[in-house]
Amino acid sequence: MSELGVVLVTELGRKLRSAIFWLATLGGIVAIAFMVEAPVLLAALERSSSSDIVLAGPEPLRDRAAALMEAHKDYRVVASVDALPQHVTPNYLERHGKAGAAVAISLRAGRIHLDVYPKDLSAFDDVEFRSLSPLNVELVTGLASARVENASKIDRTIHPLDAKFADTRAAALAHGVTFGLVFILYLSIVISSQSIMSAVAEEKTNRIAEILIATIDPTNLLYGKTLAAAVVAMAQIGLWVATAVVLLPQAASSLVSSSSVSSPPRTGDAGAVLAVLDPGLLVAFAIFFVLGYLQYATIYAAAGSLVSRTEELGAVATPVILPVVGAFLVANFALVQPGSPIVIACSFVPFLSPFVIFTRIAISEVPAWQIALAVIVNIATVAGCFWAAGRVYRVGMLLYGRLPSPRQIVAALRA
8 MSELGVVLVT ELGRKLRSAI FWLATLGGIV AIAFMVEAPV LLAALERSSS SDIVLAGPEP
68 LRDRAAALME AHKDYRVVAS VDALPQHVTP NYLERHGKAG AAVAISLRAG RIHLDVYPKD
128 LSAFDDVEFR SLSPLNVELV TGLASARVEN ASKIDRTIHP LDAKFADTRA AALAHGVTFG
188 LVFILYLSIV ISSQSIMSAV AEEKTNRIAE ILIATIDPTN LLYGKTLAAA VVAMAQIGLW
248 VATAVVLLPQ AASSLVSSSS VSSPPRTGDA GAVLAVLDPG LLVAFAIFFV LGYLQYATIY
308 AAAGSLVSRT EELGAVATPV ILPVVGAFLV ANFALVQPGS PIVIACSFVP FLSPFVIFTR
368 IAISEVPAWQ IALAVIVNIA TVAGCFWAAG RVYRVGMLLY GRLPSPRQIV AALRA
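Position in the sequence shown counted from 1, then plus 7, gives you the numbering used here.
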């Protein structure tokens, strides 16, 4: 077996036997499950705290107001009473269906007036009860509320310019899923790359590197460590994405069906999530994750070889972490403006490209030649990173004392 193969197999075995790796993988699965299910739980809590109300007032007015609010699905009347007590307390709301607020409706000068007693003031900071507007106009003008409501509606038809999605629901789901995948990409690259840098620095400070370099070519040592870390990281990402793929459809359906404020449930919500997570998107994610990971991991490993003490890792890590932070920010901008000239240009910029081009692929139609060019640019960047990092690593692992100057690093690259 070649030196590179020996290092790769050894590093893989060491990482797979590590309890920290399995704890991190399990922790990631739990975290992904929580992030997927959290909106459902928060929606249920929000509904119980603000959407459910106790409605009080004269019976005819109260019943008409309740019917309008229920029809518009902005509030649900859990209790209907003739009058509220002199002092409304949280205990009163708890006894009446655990409502989020008590609302007393009355007429003042021929108009509707609401006295609202919310459990949480922030939930009613800018609430206007727009569903009652037709009734208010009827009382003021004498026009029937049904006629007023019908006249206030504006018909609309949305015509998508991009054939990527059939409707706004699918587009919204795609944006949410894409942000989650880009965030996983960002977090995995940062955490895994920094772990490589720490491992390299630890080997150097413990003088283990001197023994390894005496028997194994430094470049093969770097390549083996980086490729082994990429394989392990890809396995982790696969488990995390699989968790999201299993839980997302059910969570989306539960979120829509349990919401009393949003539109009625749609049977296609789970299918829409699965359509967003199509195999082509997951393949693109895997390709650009590997290419992006190898770019950053090799640079981090080379940076770790330059330190003589672990205390110096912070000073070295700061400059190399800036590109990945910048790439994440540009990808977030690409979620809003995927066709912007700046975003398109960044699709072919080394270190930025894996994030940006994947975001564009996920939410818009990208010409095949741009995807091919981005892949070529990233492969060339990976090759350049391996070449440059290998030279720096070869010199840095045997260099002790102060951090090398930029001139010494340039000299190592020319050597």
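Where is the CB? At the ideal position from N, CA and C, for every residue including glycine.
| query | So, using beta-carbon positions, are residue 370 and residue 345 closer together than 8 Å? | reply | Residue 370 places its beta carbon less than 8 Å from that of residue 345.
| request: Quick one: using the 10 Å Cβ neighbour count with 16 as the cut-off for buried, is residue 201 buried or exposed? | output: So residue 201 counts as buried.
| query | Can you tell me the Cα-Cα spacing of residue 128 and residue 237, whole angstroms? | reply | Rounded to whole angstroms, residue 128 to residue 237 spans 49 Å at the Cα level.
| said: Please report the straight-line C-alpha distance between residue 209 and residue 354, rounded to a whole angstrom. | reply: If you draw a straight line from the Cα of residue 209 to the Cα of residue 354, it comes to about 35 Å.
| query | Looking at the structure shown, is residue 163 part of a helix, part of a strand, or coil, going by DSSP? | reply | Residue 163 falls in the coil class under three-state DSSP.
| task | Compute the Euclidean distance between the alpha carbons of residue 360 and residue 83, then round it to the nearest angstrom. | result | Roughly 48 Å separates the two Cα atoms.
| field | Inter-residue spacing [alpha-carbon to alpha-carbon] between residue 307 and residue 400 | value | One C-alpha to the other measures close to 10 Å.
| request: Could you tell me whether the Cβ atoms of residue 310 and residue 323 are closer together than 8 Å? | output: Yes. Within cutoff.
| Which word fits residue 7, buried or exposed, when buried means at least 16 other C-beta atoms lie within 10 angstroms of its C-beta? | The shown model of the chain, from 8 to 422, leaves out residue 7, and the question about it has no answer.
| message | Please report the distance separating the alpha-carbon of residue 99 from that of residue 32. | response | Roughly 46 Å between the two C-alpha positions.
| With 16 other CB atoms within 10 Å as the buried threshold, where does residue 402 fall? | Residue 402 counts as buried, since no fewer than 16 other beta carbons sit within 10 angstroms of its beta carbon.
| message | I need the DSSP call for residue 24, collapsed to helix, strand or coil. | response | Note: residue 24 maps to coil in three-state DSSP.
| message | Tell me which residue opens and which closes the beta strand (DSSP E) that residue 303 is part of. | response | For residue 303, no beta strand (DSSP E) run applies; the uninterrupted alpha helix (DSSP H) run containing it begins and ends at 286-311, by DSSP.
| Over what stretch of residues does the beta strand (DSSP E) that includes residue 60 continue unbroken? | Boundaries of the beta strand (DSSP E) harbouring residue 60: 59-63, taken from the DSSP string.
| field | residue 251 vs residue 187 beta-carbon contact at 8 Å | value | Contact flag set, yes.
| query | Taking the alpha-carbon positions, what's the residue 389 to residue 232 distance? | reply | Cα to Cα, the separation comes out at about 15 Å.
| Leaving out five residues before and five after residue 95 in sequence, what residues of the same chain have Cβ atoms less than 6 Å from its Cβ? | Cβ-Cβ distances below 6 Å link residue 95 to 109, 124 in the same chain, with the five nearest sequence neighbours on each side left out; the list follows chain order.
| query | residue 249: which of 38, 15, 21 sits nearest, CA to CA? | reply | Comparing Cα-Cα distances from residue 249 to each of 38, 15, 21, the minimum goes to 38.
| residue 63 vs residue 88 beta-carbon contact at 8 Å | Yes, the pair counts as a contact, with Cβ atoms nearer than the cut-off.
| request: Go ahead and pull the three-state DSSP assignment for residue 244. | output: Here residue 244 carries a helix assignment [DSSP, helix/strand/coil].
| task | Going by DSSP, name the residue or residues bridged to residue 124. | result | BP columns for residue 124 point to 109.
| Quick one: is residue 304 buried, meaning 16 or more other Cβ sit within 10 Å of its Cβ, or exposed? | The residue in question, residue 304, is buried, as its Cβ has 16 or more Cβ neighbours within 10 Å.
| field | Sequence-distant residues of the same chain with beta carbon closer than 6 Å to residue 192, five excluded per side | value | Cβ neighbours of residue 192 beyond the five flanking positions: 296.
| message | Does residue 90 come out as helix, strand or coil in the three-state DSSP assignment? | response | Looking at residue 90 - three-state DSSP - the assignment turns out to be coil, as it is neither helix nor strand.
| Selection from 226, 372, 254 that minimises the alpha carbon distance to residue 312 | Nearest option by C-alpha distance: 226.
| message | Between which two residues does the alpha helix (DSSP H) holding residue 78 run? | response | Counting along the chain, the unbroken alpha helix (DSSP H) around residue 78 starts and ends at 66-79.
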